[in-house]
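Some notes on the structure that comes next.
In the numbering used here, the protein residues as written are 14 to 285.
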């Protein structure tokens, strides 16, 4: 029997990138995965080829059960409808992975420079609304389905470099808002046996990164399966509450749990 057989998971922003890699690995572990995002067949963001249906099919082909549900995680009605459906279907949720992010979309206007005062307001809105605000909205609807069963795990994907600003100021603030939010969530969820952790991958070879011409030789160090395996390791750990509230590097989790990337290596943290 697979380690997450019978578990119900939601992975947001799973049409591509880290979300897709996480959904695939949860599927490989046997989970039922609700794959959410805005990119569906015939209507994708940025005219990208990836869709939530493709991700759901990949989950199923790996031994889990993938269920694609279109959901804009900045829209209250969409998010409420998603969790009402899961409640009707299963009456619970075991794992929520928040992985949406609006700051990388090509539809955003370009800035006039690298400094925060040279960036348009749209950059802030995209990163903070389709980022920490969407994480919080989604978690608000997920928690009651965990609370009533007195168990659950929330994983917030994030990025940081210890003791440094990560990228531009807007991005760094968005990521650190997620990290701080995770700490607050953990404190409030402790009495309900629900854990919340933030997980930080390195520079992943996502579809966008590969299409931009970056590969291992350019420093893009790991596949999206690496963060997926970190999530599976946490979800199968009966003592995961010891990490609740923490922001954890995927590379550190690889050492703790002994998993590797697809090529058998354990890539170091970004900048490490």
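All residues carry an ideal CB built from backbone N, CA and C; glycine is no exception.
| said: Checking the sheet assignment: what are the DSSP bridge partners for residue 47? | reply: 23 and 80
| task | Rank 45, 58, 85 and 55 by C-alpha distance to the C-alpha of residue 74 and give the top, closest one. | result | 45
| request: Indicate the three-state DSSP secondary structure (helix, strand or coil) for residue 194 in the structure shown. | output: helix
| message | With three or more C-beta pairs closer than 8 Å as the rule, is the stretch 130–145 touching the stretch 198–206? | response | no
| task | Check each candidate in 63, 42, 40 and 41 and name the one with the smallest Cα separation from residue 51. | result | 63
| request: Pull up the CB-CB distance for residue 72 and residue 244, whole angstroms please, since I reckon it's below 8 Å. | output: Actually they are not in contact, since the Cβ atoms of residue 72 and residue 244 sit about 13 Å apart, beyond 8 Å.
| request: Along the alpha helix (DSSP H) that carries residue 40, what are the first and last residues, could you check? | output: 30–41
| said: Taking DSSP's pairing of strands, which residues face residue 177 in a bridge? | reply: 174
| said: According to DSSP, simplified to helix, strand and coil, what is residue 208? | reply: strand
| task | For the stretch 145–156 and the stretch 78–90, state whether three or more C-beta atom pairs, one from each stretch, are separated by less than 8 Å. | result | yes
| task | Just grab the DSSP bridge partners of residue 166 for me. | result | 108 and 208
| said: Suppose the cutoff is 7 Å on Cβ atoms and the five residues either side in sequence are ignored; what does the same chain contact list for residue 280 look like? | reply: 215, 234, 235, 239, 264 and 274
| Per DSSP, residue 260 forms a beta bridge with which residues? | 211
| the stretch 165–176 / the stretch 242–261 touching (three or more Cβ pairs under 8 Å) | yes
| If you follow the alpha helix (DSSP H) that residue 63 is part of, which residue opens it and which one closes it? | Taken as a continuous stretch (DSSP letters only), residue 63 belongs to no alpha helix (DSSP H), as it is neither H nor E.
| said: Could you compute how far the alpha carbon of residue 67 sits from the alpha carbon of residue 80? | reply: 10 Å
| Nearest-angstrom Cβ-Cβ length linking residue 258 and residue 34, presumed shorter than 8 Å | That pair is no contact at about 24 Å.
| query | Cα separation between residue 132 and residue 17? | reply | 43 Å
| query | Are residue 61 and residue 29 close, meaning C-beta to C-beta below 9 Å? | reply | yes
| Taking the DSSP output, what are the residues bridged to residue 56? | 53
| message | Just list the residues that DSSP pairs residue 217 with in beta bridges. | response | 235
| request: Report the three-state DSSP secondary structure of residue 139 (helix, strand or coil). | output: helix
| field | Nearest-angstrom beta carbon gap, residue 151 and residue 25 [assumed within contact, 8 Å] | value | 6 Å
| request: Please report how far the alpha carbon of residue 136 lies from the alpha carbon of residue 59, in whole angstroms. | output: 16 Å
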